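As they're listed, the protein sequences go chains E and P.
The numbers in our numbering rise by one with no breaks, and the one at position 449 of the first sequence is 449.
Heads up: take any position in the second sequence, counting from 1, add 476, and you land on our numbering.
Here the structure is laid out as C-alpha cells; the discussion comes afterwards.
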Amino acid sequence: VRGERWHWAALALGIFPGLALALGDTTLAGAGAAPAAGSWGQPYPDQWGLARIGLDGTAATQKVLQDSCPSPQPVVVAVVDSGIDYLHPDLPRERLWVNPQEQLNGIDDDHDGFVDDVIGWNFVDDDNNPFDDSGHGTMIAGIIAAAGTRAPGINPHARIMALKVLNALGHGRSSAIAAGVDFATAHGARLINLSLGGSEPSALIAQAVSRALAAGVLVVMASGNEAREAVADGLPDGAGMLVVAATDTQDARAPFSNWGAAVRLAAPGVDILSLRARGSDLIALSGASAYRPGAAIVGEDGEYYRASGTSFAAAIVTGVASWMLACHPQLSGPQVARILTQSARDIGPPGLDPQTGYGLVDLRAALSADPGFFIESQINSASVVTLNGAPQLRVSGSADASRFAKAVVRAAPESYPNDWIELGGALTQPVHEGTLAQFDLRLMRGARRWLVQLSTQSDTGQSREARVLVDLGSAP
Amino acid sequence: LRTLALAVGITSGLRLGAVAQADTLTLDSGEFRAIELSAQTDPEEFAHRNGIADYEVRPASGGTLQLRFPMEEGVWRARRAALCTDRGVQSCDTDYCQHDLGDANAATTSPLGEPATASPAPPVATSSDRATPLLSVKVQGEDGQPRANTRVLLLPHPPDIAMLFAGAADAPAGNPDTVPGPASCANPQRGRSVVPLVNVSRADGSVSFEEGRGPGGDRSCWDVVAIAGCAVRREPLSNYSPDFEARRVLVLLQLPPADTTGQTLASLAAFATANQMRVLEATALPSIARTLVRLEILSPQTSLDAAIALLGPQAGVELAQREYRYEVAAHSDPFAWMNYGAKLSGADALQRTVSGKGVAVVVIDTGIDAAHPELTGRVTERIDVTGYGISADRHGTAVAGLIGAAADNGVGAYGMAPEAQIISIKACEPESRGALAARCWSSALAKALDAALARPAHIINMSLGGPKDPVLERLVNAALSSSRLIVAAAGNGGPDGAPSYPAAYAGVLAVGAIDSRERPWAQATRGGFITLSAPGVAVPVPVPGESYPAQLSGTSMAAAHVSGVAALLQGAKPDVTGGALRDALVSGGTGADGAAAQPHVNGCTAAARLGIDTAGCSSTPPASGNPP
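And the structure:
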C-alpha cells in the first residue's frame, strides 16, 4: 500500500466509541419488564445481572437447568485475586476447593513445595492463608459460587480455589500472579478467573497463561476499566481464552469498559451485588474520592457488597462457563469458549465487535446449545493491493460454520447504510484466516467511508455478521 | 520429588544493619525482576553465576522455580538481554505491579450512581493533641528516607485457617476466671461498622491513628499495613502498641510476715468490690515470696488506667499493672526444608562425647506431645498454668523436639541433646486447636517461672516474646539470681520490631535466627540485646500425632537450639552455673559477620571455654559452610 496515495484510516475496530450506538440495534433494553426497585433504591432488581444472563430464579429456568444438566459434577474454579473470606456464611466449605492431598499439619503432604496449601495459597505473604483483606476476591467468588438467598452465585457446583495474589489495595506483583496461575494449572483447576490487569504487559503472566491454555484450562479475563482500547495486552490469544467486557442495565457497553479486538464476550458489570469479605470496604480502599465510606455495604450484618467493574463481568462469564463444565465435564476449555460465544446474545454492532465481542453471555442458551454448533464470521483486516496496475480492496478474515451454507461480503456507504453492494461472489467454501473478498476499488468511488459486512450463513437458516468501517481517506 | 533447598528471604545490607526501631514501617523500594527457571536449573547456582546476591525463590509450575530479586532500572536495562537468555531461563521480566479491575469508580465518573456530593467524614483516624494516639508510626524506605503519601491501614487480622476445618466452636472454652480466652480474634467480628481505617503518611512519613476508633484495647485482632503500589508491610498492631486485656489488672502483693489469715488479700478484695472490681484469682509465687492477684474491672465507666491507679496505693500492693499478651515466636515455613541445625550449632560434633543425659530443661511454651516417638520417656513432667489443661500442641512439641528429640530412631534426627529431660510448663494456649500460633499472658508466665524455680532444672527455654512487664521482670530476675539460664527468642518482629521481652531483659540469653547458610533471618527482630544467633529458618521439627516432621521458622527454633546445646554442656559439667553457661555460649560464639551481627552458637568452642572434653569436635570441625 502506498500511503501517500491511499490514505487509510485504521479499521474502525473500536476506534469510534460512538459506533456502537450509531450502528447498534440495541433493542433489548428493559426487556419489557416493569422496573423493580432494588434494596438500595435502584430501579432494577439487586441481582439484575444474573437475570440478564438467563438466571432469573424462576421455576421455568430451574427446569431448564435441571433438564439440560441431569447430573452436574463439581468443577474446580481458580480465583486468582485478593483471596476470599472463607468464613463467609454464604461460602460454605462445600463451595471451596479443598486440596485432597494436603492436611493442616505443617507438612507438605503432597510435595508440591507449598506447606499446608489446603484451600489455595497466599502469594502476597507467601503463606497458606489466602484470606481476603481487600474484598475484591470474595465478590468474584460469590458471583461464581455463593450459597444463600440474598446474593446467590451462578453455579452451586463450582469449587473455589483461593489464590491470593493482590494485596489489600488490590495491587499484586506479576510474579505472584504468574505463580498463582501456575498453582491453579498444577492443581487441576478447569477455569481460572483473572479479574486483574495492568499497564505493563508481563512476560511472566503471559507464560503462565500459555501453560494454562496448553493444559486445557479455560482462562477468563476482564477487559479493563479505563474506558479505552486496551485489552489483554501481551497475553496469548488462545481458543481457551475469554476476554470479557462489561455491560450496564441497558445492555450497552458500560462506560468504563475497555474494548479491543480480543474481547470475546460481554456480561453485566455495573452495580453488581455479591459477598463482602468481613471488615472490607473495597471502594473506600481503592481511593474513589466521591465514595462515602460504607455506602456500598449491603445487608443488616454487612455481609454483602456492590460494585462496578469488568472484574465482575468476567466472574459472571466464569460462573456460566463453570456451569457448562459441571454439566459436561468432558468439554475442553476451547469447546466451552466456543459454546459460550456462539450462544451469546448479540448486542451492539451485529456480529463479533470490539465492544461486546459476540455479545452478552447467556446461561440458558449455552446449556441448551448444540456443543458442536458454530457460525464464525470475522473480518480481521481490509487492505489495498494492486492487481494489474489497478487498486483492489482485499477483505481478510474467517467465515465458517458447523453446517456452512455460504458467506457474503457486502459494502454500503456509511451515510447510506442500507445501500448494500455485494462484493465478489458468495463464498461457497469456508475460509479460515484468509481472503474473503477482493474487488476493484473503483466500485467504491461514491463515498469515503464504507461499512463492510460479512455474513456467514448456516444451512439451518441462521447467520452471523461481522462489520467494520473502512475509511478511504482522500481516495479516488 | 524435587527437594527445594532454598527458602531465602530478600535481605538487603541496609535492613540487616538497621537499628531496631519500634515506631517505623519499612517498605521495600527496590524494583524487582523475576525469572522463571527450568526444573533442571539450580537457582542458587544461577544467582551466583549472575552475581545476584539478594533473591527469593518459590515454586512455580511443574518443578520450575521463580527467582525474584531487586535490580535497579539502569542495571536491568544493561543486563537484561544476557540474563534473560541465560541457561535455564523460561521467562524473564520486570516484576510489574498489576491491579484488580473491581472498582470502576476509580477510573470513571461514578458509574455506581452514587451521589457525588455528600461525602461526610472520611474513615481516616487523625491524631489530636488531647487523645493518646492508638498508633503512631513512621513510614520509611529501605534507605531510611521517609515515605510520604503512603497509605497506612488498620485491618482486622486474618482468621486462623484452621477454623475452616475445626469450626469456631472447637476453640477451648476454658474457665472465664483463668487466662483470657485465646480465640477472641481467630474469628474477628462481622458487621457493617467493622471497616478498615485508612490514613496517609505525611511529608515526614509519620502517620497516626487515634485511640477509641477501631480496635480499642484488643490490638491482637488488628494489623497495621503500609502499602505503596505492590510494596506491602504488614505487622500485627501489637508490635507497635502492646496488646493487653482491657478489663484486667495484675497486682503483686507483698504479704506482711504476720499476715497468716490472708487479711491483706481480703482487704484488697473488699476494696475491689467497693470500686466495682472483683478478684478473679490469687496465686502464691513462693520464688519471690509474693502473691499474684488478677482482678476484673466490672464497671464500664472505669478505665483500665484508672483502675491501676486506684489499686497501686493499696496496702501490700507492690505493683499494679496491665495483663500483657505474649506470643510464641515461630511460624510455619511455607517452603521445603533441610536438616542443618545440629551440624551448624556444633551439637553434632559435641554429641560424640557428651549427651546431656539427665539434664533437665524447662520448656515454658504450649503443651508438648509426650507420647511422640521422638520424645518418648523424655518429658518427665507436664504442668499447666493456663487453666486450659495439658495438651499436645504444635509449638511446644517442636521446641521440645529441637532440644531433646531421640537420635537414631528412624523418625528424624534433630534433638541437640538427645538424652536430656524435658519439663513441660504449659503457659501458652494455641489460638485454636491445632494452631501453631499461641498466646500467653503476663500472669501465666509469672506462674510458669515460679513453678520452674521450684524445680532443680537450670535451663529454662522461653521461645516467646512480648512487651516489657514488671511482674515478668521480677520473676526473670529471681531466676537469674538463683543461677538459672533463661534462653529466650529474640522475636520475629523484623528490622522494625520492638525489643521483645523476656529476651531483652539483662542477663537473659536472647537468641536470633540464622539460616542454613548462616545468614541472618530477615524476619528476626534486631537490636543490641540479642547476644547470639542459632539455626532458625525452615528447620524440621516433630508434629503432634505425626511421624513425619514439619518445618518451622522463627527465633523460637533458634532459642531451642541454644537450650539443647546448653543441656549438652551442662551434661558434661553438671555443676556449671547458669551465668557461666551463658558466658561460655556467648563468648564461644563464632562466625559473626559484620559489626551489627551476633555470633552464632558453637557448641564446640563454648565447651572449650568450660574446659569440657571436645574430642568429638576436633575430629570434625563444626560446619561453617553449606550443609549437604
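Yeah, the Cβ is synthetic: ideal placement off N, Cα and C, and Gly gets one too.
Since we're looking at a predicted model, the values are computed, not measured.
Through-space distance from residue j to residue i, alpha-carbon basis
i: Cys1093(P); j: Leu921(P); result: 37 Å
i: Leu744(P); j: Asn751(P); result: 11 Å
i: Gly302(E); j: Glu618(P); result: 39 Å
i: Gly57(E); j: Arg95(E); result: 20 Å
i: Pro35(E); j: Val336(E); result: Low confidence applies here, because Pro35(E) scores a pLDDT of 48, under 50, leaving its location unreliable; read the following figure in that light. So the two alpha carbons sit approximately 33 Å from each other.
i: Leu28(E); j: Asp353(E); result: At Leu28(E), the pLDDT of 30 sits below 50, so the modelled position is not reliable and the matter cannot be decided from this model.
i: Gly843(P); j: Pro776(P); result: 35 Å
i: Gln566(P); j: Asn418(E); result: 53 Å
i: Leu674(P); j: Ile177(E); result: It should be noted that the sequence gives Val, not Leu, for residue 674(P). Each residue's Cα considered, the two are about 26 Å apart.
i: Gly279(E); j: His171(E); result: 18 Å
i: Asp459(E); j: Gln378(E); result: 18 Å
i: Phe114(E); j: Ala536(P); result: 10 Å
i: Ser1063(P); j: Ser82(E); result: 48 Å
i: Ile119(E); j: Gly269(E); result: 27 Å
i: Cys904(P); j: Ala911(P); result: 12 Å
i: Ala1082(P); j: Ala836(P); result: 19 Å
i: Lys819(P); j: Pro1075(P); result: 16 Å
i: Arg563(P); j: Arg556(P); result: 14 Å
Residue i vs residue j beta-carbon contact at 9 Å
i: Tyr1108(P); j: Leu611(P); result: This structure leaves residue 1108(P) out entirely; chain P is present only between 477 and 1104.
i: Gly319(E); j: Gly153(E); result: yes
i: Pro632(P); j: Trp698(P); result: yes
i: Ala893(P); j: Ala1056(P); result: no
i: Ser900(P); j: Asp972(P); result: no
i: Leu242(E); j: Gly135(E); result: no
i: Trp917(P); j: Tyr816(P); result: no
i: Leu275(E); j: Tyr304(E); result: yes
i: Leu640(P); j: Arg159(E); result: no
i: Val217(E); j: Gly240(E); result: yes
Residue nearest to residue i in terms of C-alpha spacing, selected from the options
i: Arg264(E); options: Asp133(E), Leu441(E), Glu422(E) and Ala313(E); result: Ala313(E)
i: Gly434(E); options: Leu443(E), Arg394(E) and Ala426(E); result: Arg394(E)
i: Ser831(P); options: Thr1090(P), Ala742(P), Ala734(P) and Leu713(P); result: Thr1090(P)
i: Gln1027(P); options: Ala344(E), Gly106(E), Gly83(E) and Asn99(E); result: Gly106(E)
i: Ala986(P); options: Asp1059(P), Gly865(P) and Arg556(P); result: Asp1059(P)
i: Gly1003(P); options: Val1015(P), Arg993(P) and Ser976(P); result: Ser976(P)
i: Gly983(P); options: Pro622(P), Pro1018(P) and Gly1054(P); result: Gly1054(P)
i: Ile84(E); options: Arg52(E), Asn122(E) and Asp116(E); result: Asn122(E)
i: Ala825(P); options: Arg544(P), Pro546(P) and Ile1088(P); result: Ile1088(P)
i: Pro45(E); options: Leu273(E), Phe439(E) and Ala447(E); result: Leu273(E)
i: Gly234(E); options: Asn225(E), Asp471(E) and Leu204(E); result: Leu204(E)
i: Ala1040(P); options: Arg931(P), Ile898(P) and Ala707(P); result: The question names Ala, yet the displayed sequence has Gly at residue 1040(P). It is Ile898(P).
Assigned secondary structure, residue i (DSSP; H/G/I helix, E/B strand, else coil)
i: Val1052(P); result: coil
i: Thr1090(P); result: coil
i: Lys477(E); result: In the structure as shown, chain E begins at 1 and stops at 476. Residue 477(E) is therefore absent and cannot be evaluated.
i: Ala31(E); result: Confidence is the limiting factor: at Ala31(E) the pLDDT is only 37, short of 50, which leaves the residue's position unreliable, though a coordinate-based value still follows. Three-state DSSP puts Ala31(E) in a helix.
i: Ala659(P); result: Note that Ala659(P) scores a pLDDT of 43, beneath 50, so its modelled location is shaky; the value from the coordinates is reported in the next line. In the structure shown, Ala659(P) sits in coil (DSSP, three-state: anything other than H, G, I, E or B).
i: Ile107(E); result: coil
i: Gly564(P); result: coil
i: Thr386(E); result: strand
i: Lys406(E); result: strand
i: Asp569(P); result: strand
i: Phe183(E); result: helix
Within chain P, partners of residue i - CB distance below 8 Å
i: Tyr305(E); result: Simply none; closest approach about 10 Å.
i: Met139(E); result: Gly578
Partners in chain P for residue i, counting only beta-carbon separations shorter than 9 Å
i: Asp81(E); result: Asp576 and Gly578
i: Pro45(E); result: Within chain P, no residue comes near Pro45(E); the closest Cβ sits about 15 Å away, beyond 9 Å.
i: Leu129(E); result: The question names Leu, but residue 129(E) in the sequence shown is Asn. Chain P residues near Asn129(E): Pro634, Pro635, Asp636 and Ile637.
Contact set between residue i and chain E, taken where Cβ atoms lie within less than 8 Å
i: Cys706(P); result: Asn167, His171, Gly172 and Arg173
i: Tyr531(P); result: Result: empty, since nearest Cβ-Cβ is about 11 Å, beyond 8 Å.
Proximal chain E residues relative to residue i, where beta-carbon distance stays under 9 Å
i: Tyr1024(P); result: Asn105, Ile107 and Asp109
Amino acids of chain E, ordered along the chain, whose beta-carbon sits closer than 7 Å to that of residue i
i: Phe641(P); result: Leu104
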